[in-house]
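Student:
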Amino acid sequence: MPPRPFVNDGLWRCLCPGFPPSAATRATTAGTARLPRRSARPKDGLTYPRRQLRAYTGSKSWLTAGDSFFSQPGSAPIGFRPFREQPHPPPSFTSRNRLSLTQLPTRILYEHVRAEGARGNWTEVMNICRVLVKDRGEQPNREMYTALLHSFVDCKEGTAGKVRKVLEEMGFWHERDALDSEYPKIELDGRACECVLEVLAVHPDYLLRSDILEYMKSRWLPLSARGQNYVVAGLLRERHFEQALDMMEDMVKNNTRVENWVLDVAMWILLEFKEVEEAFYVLGLKETMQSKSSVAGAVRVSDALWGALLDAAAQRQLYGETAKVWMSQVQPGYLKPGNGACMAVLALASKHGDIELATDVFRLLTDRETVFTTHHYELLISTHLKANDLEAALSVVLIMVDANFKVDAGTCQPLFEFLSTDGPNGENQPLTAFGMLQDFEAAGRRVPTAVVNACMQASIVQGRLEEAIEMYKALHTVSHSGPNTQTFNILFKGCHQRERKELAMYLANEMIQLGVKPDRITYDRLILVCLRSGDVEDALLYYQEMSSGDGNEGMKPRKRTYEILIYECAKRGDERAVAVLKDYKASVEEPRLSVEKAVAERFDYEMMASGGWSPKPPEGSIR
Numbered sequence: 213m214p215p216r217p218f219v220n221d222g223l224w225r226c227l228c229p230g231f232p233p234s235a236a237t238r239a240t241t242a243g244t245a246r247l248p249r250r251s252a253r254p255k256d257g258l259t260y261p262r263r264q265l266r267a268y269t270g271s272k273s274w275l276t277a278g279d280s281f282f283s284q285p286g287s288a289p290i291g292f293r294p295f296r297e298q299p300h301p302p303p304s305f306t307s308r309n310r311l312s313l314t315q316l317p318t319r320i321l322y323e324h325v326r327a328e329g330a331r332g333n334w335t336e337v338m339n340i341c342r343v344l345v346k347d348r349g350e351q352p353n354r355e356m357y358t359a360l361l362h363s364f365v366d367c368k369e370g371t372a373g374k375v376r377k378v379l380e381e382m383g384f385w386h387e388r389d390a391l392d393s394e395y396p397k398i399e400l401d402g403r404a405c406e407c408v409l410e411v412l413a414v415h416p417d418y419l420l421r422s423d424i425l426e427y428m429k430s431r432w433l434p435l436s437a438r439g440q441n442y443v444v445a446g447l448l449r450e451r452h453f454e455q456a457l458d459m460m461e462d463m464v465k466n467n468t469r470v471e472n473w474v475l476d477v478a479m480w481i482l483l484e485f486k487e488v489e490e491a492f493y494v495l496g497l498k499e500t501m502q503s504k505s506s507v508a509g510a511v512r513v514s515d516a517l518w519g520a521l522l523d524a525a526a527q528r529q530l531y532g533e534t535a536k537v538w539m540s541q542v543q544p545g546y547l548k549p550g551n552g553a554c555m556a557v558l559a560l561a562s563k564h565g566d567i568e569l570a571t572d573v574f575r576l577l578t579d580r581e582t583v584f585t586t587h588h589y590e591l592l593i594s595t596h597l598k599a600n601d602l603e604a605a606l607s608v609v610l611i612m613v614d615a616n617f618k619v620d621a622g623t624c625q626p627l628f629e630f631l632s633t634d635g636p637n638g639e640n641q642p643l644t645a646f647g648m649l650q651d652f653e654a655a656g657r658r659v660p661t662a663v664v665n666a667c668m669q670a671s672i673v674q675g676r677l678e679e680a681i682e683m684y685k686a687l688h689t690v691s692h693s694g695p696n697t698q699t700f701n702i703l704f705k706g707c708h709q710r711e712r713k714e715l716a717m718y719l720a721n722e723m724i725q726l727g728v729k730p731d732r733i734t735y736d737r738l739i740l741v742c743l744r745s746g747d748v749e750d751a752l753l754y755y756q757e758m759s760s761g762d763g764n765e766g767m768k769p770r771k772r773t774y775e776i777l778i779y780e781c782a783k784r785g786d787e788r789a790v791a792v793l794k795d796y797k798a799s800v801e802e803p804r805l806s807v808e809k810a811v812a813e814r815f816d817y818e819m820m821a822s823g824g825w826s827p828k829p830p831e832g833s834i835r
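When the count follows our numbering, it moves up by one through the sequence shown with no breaks and lands on 835 for the last residue.
(1) Thinking C-beta only, is D736 closer than 8 Å to P769?
(2) Determine the closest residue to L560 out of R528, M356, T578, W385, with distance taken between C-alpha atoms.
(3) Evaluate contact between the region 791 to 799 and the region 769 to 781, counting only Cβ atoms and requiring at least three cross-stretch pairs below 8 Å.
(4) Just the C-alpha distance for N640 and N665, rounded to the nearest angstrom, thanks.
(5) Do you know offhand how far R376's Cα is from L321's?
(6) Which residues bound the alpha helix (DSSP H) around M479?
(7) Do you know how far the Cα of I739 is from the Cα of Y755?
(8) Tell me the rounded alpha-carbon separation between L361 and I567.
(9) When the distance is taken between beta carbons, is R744 closer than 8 Å to H688?
(10) DSSP three-state call for A680: helix, strand or coil?
(11) Measure the alpha-carbon distance for F700 versus E757 and round it to whole angstroms.
(12) State the DSSP-derived secondary structure class of G706, mapped to helix, strand or coil.
(13) Can you tell me which of the three DSSP states P803 falls into?
(14) Would you please state the rounded distance, in angstroms, between the beta carbons of A491 and A456? I believe it to be under 8 Å.
(15) According to DSSP, is C319 part of a helix, a strand, or is it coil?
(16) Could you check the C-alpha separation between Y652 and K598 for me, to the nearest Å?
(17) Along the chain, where does the alpha helix (DSSP H) that runs through K598 open and close?
(18) Once the 5 residues before and after M459 are set aside, which same chain residues still bring their CB inside 8 Å of it?
(19) Return helix, strand or coil for I855, following the three-state DSSP convention.
(20) If the criterion is Cβ atoms closer than 8 Å, does the pair S671 and A680 meet it?
(21) Can you tell me which of L223, L703, L482, R331 puts its alpha carbon nearest to the alpha carbon of E410?
(22) For L316, collect the residues of the same chain with a Cβ closer than 8 Å to its Cβ; drop the 5 residues on either side in sequence, then sort them by chain order.
(23) Would DSSP call R310 helix, strand or coil?
(24) Ignore the nearest five residues each way along the sequence and tell me which others in D401's own chain have a CB closer than 7 Å to its CB.
(25) Could you give the DSSP three-state label for L510: helix, strand or coil?
(26) Using only alpha-carbon positions, find the residue among Q543, S562, R580 that is nearest to H207.
(27) Out of S693, E603, L715, which one is the CA nearest neighbour of I702?
(28) Consult DSSP for Y442 and reduce its assignment to one of helix, strand or coil.
(29) Suppose you measure from the CA of A535 to the CA of S632; what does that come to, to the nearest Å?
(30) Kindly indicate which residue of N472, A526, V408 has the alpha-carbon position closest to the one of P549.
(31) Buried or exposed for Q725, going by 16 or more other Cβ atoms inside 10 Å?
(32) Go ahead and pull the three-state DSSP assignment for H176.
(33) Select from K397, P434, D620, S514 the residue whose C-alpha is nearest the C-alpha of E590.
(34) Between which two residues does the alpha helix (DSSP H) harbouring R376 extend?
(35) Note down the Cα distance separating L521 from V488, rounded to an integer number of angstroms.
(36) Compute the beta-carbon to beta-carbon distance between A359 and G329, rounded to the nearest angstrom, for a pair I have assumed lies under 8 Å.
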């Protein structure tokens, strides 16, 4: 009676998962041979699951079932081992895992290997492929290699070099026939190419991506929207920003969907490399896509990205972009920027005269109980002046006085620059501002002297000295503090420009009567007034007065004033030029040789060596 035929069906594989398929073939072919027992093993004496764990040995004839890459179990192959000193240990499988892999149908295993490749699980992909090759007798095919390529998307285990090695094993760069028995070539399909593009979006390699795109073009494989997104992501990672932006623009024009994650990554990378304008261009592309999709509302961007866009735009002084983010996100309360960003936005608003934006910044800072400083108010003053709202700017100055902030010439510098120009209708800006200050004082507000000084200084710049004098005469009706040293310095400058020495002497007597203490600029400008009028003697007297230090070094004129004084003394043959030259060389950094030459040509060297005249403080000084 012939022996019962051996049937290696699903039930047999379920009950005996470790039984080698080759033994079943031999038993069926022999006819009279008995089924092998567990002690009867092939020559290596190992069960199939244990054969999966043996070390990998490379072979040129890798297509055969016994020597193929996928049939070689164990740790990572040499070509794909991570670049570390120690290789990965062999994967340890439990009995349950072995049963689950060997029990699944081949169709399900292919689905699993595809899913594990998409997850970037290289180890599991290799396990399933070994089961397919060793247990099911499958030849290494496109599906297996596609899953293997896809598994390199993992950011830690995958690299572009590993992708190159797999493609080389598939014969991607080899000119050989797919039916070659020794080195067959496995062609990539559209999905495999897109998997490679996805990996290259994580591990950039411009040359390999170009090869894949050229391969797809030569095979007439269309690049899907998914593949285009991966190409854009790879270009961004490689800092090829112009190519990436052009490609995204073409995709939007052609109604090809650009994934949100690609747009967000593009904005983050562009902001990282200070390409702020391009980041907002990508934001505009996102808005264009949303408008085409008929989705109402603002674009969906994370709060962190909105904050980064606001910070970058404010730092780069991009007014339109900053105002856009502020009005769409901060004003409704969706975004809460930091104080640094608020200060940058406030500075930008002052530069462009956006009162609404500056006021909203103050509202936000007030809500979080921020302690305001002079810098905050100065920016608000500049904002109102840029918007040609003089009265509001003066009101902010008076608010600073009420809040006990110091208002000085630096605080009023934006006001002076504004008043130095003619108004929109050609009106006299300094007189207009002075009239407003008189109205404020009549309303009981405290007006600081520095604001009146700014009005007088603007009149001096415009060449209207008499107008500045009239403001000085009416100063007591506006500011109860009265004139200060800065007030007289401004008027002395006007006297110098108009050669009004008599008026300057009158103002000097006013200083003495009011008890206003002169400073270095006061003496400097008095010297210039005297020299401009041709009175070198009085100029030297003021120089003596400022140089007498009362036990200290005293004050020194400015470098250019020194030089004018020396030139005038040398021109008139006044020997005191030698002593002034000596002080000039001792007080000024990098003195001009031409000044010393002018004195040397006029006087002999013996007088210059002795030092000449010694200055003494005159009688009746203004000190």
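Each residue gets a CB set at the ideal place from its N, CA and C atoms; glycine is no exception.
Tutor: On the basis of the data shown:
(1) yes
(2) R528
(3) yes
(4) 16 Å
(5) 26 Å
(6) 472 to 484
(7) 7 Å
(8) 58 Å
(9) no
(10) helix
(11) 18 Å
(12) helix
(13) coil
(14) No, A491 and A456 are not in contact; Cβ-Cβ is about 12 Å, not under 8 Å.
(15) According to the sequence shown, residue 319 is Arg rather than Cys. Residue state, collapsed to three classes: helix.
(16) Inspection of the sequence shows that residue 652 is occupied by Phe rather than by Tyr. Going from the Cα of F652 to the Cα of K598 covers about 21 Å.
(17) 586 to 598
(18) Q440, V443, V444, L447
(19) This structure leaves residue 855 out entirely; the chain is present only between 213 and 835.
(20) yes
(21) R331
(22) H324
(23) Interpretation of R310 is limited by its pLDDT of 47, a score under 50 that renders its predicted location unreliable; the figure taken from the coordinates is listed afterwards. Three-state result, R310: helix.
(24) R354
(25) The sequence shown places Ala at residue 510, rather than the Leu named in the question. In this structure, A510 counts as coil in the three-state DSSP scheme.
(26) Here the chain covers residues 213 to 835 and nothing more, so residue 207 does not appear.
(27) L715
(28) helix
(29) 30 Å
(30) A526
(31) exposed
(32) Any answer about residue 176 is impossible in this case: the structure gives the chain only from 213 up to 835.
(33) D620
(34) 372 to 382
(35) 8 Å
(36) 3 Å
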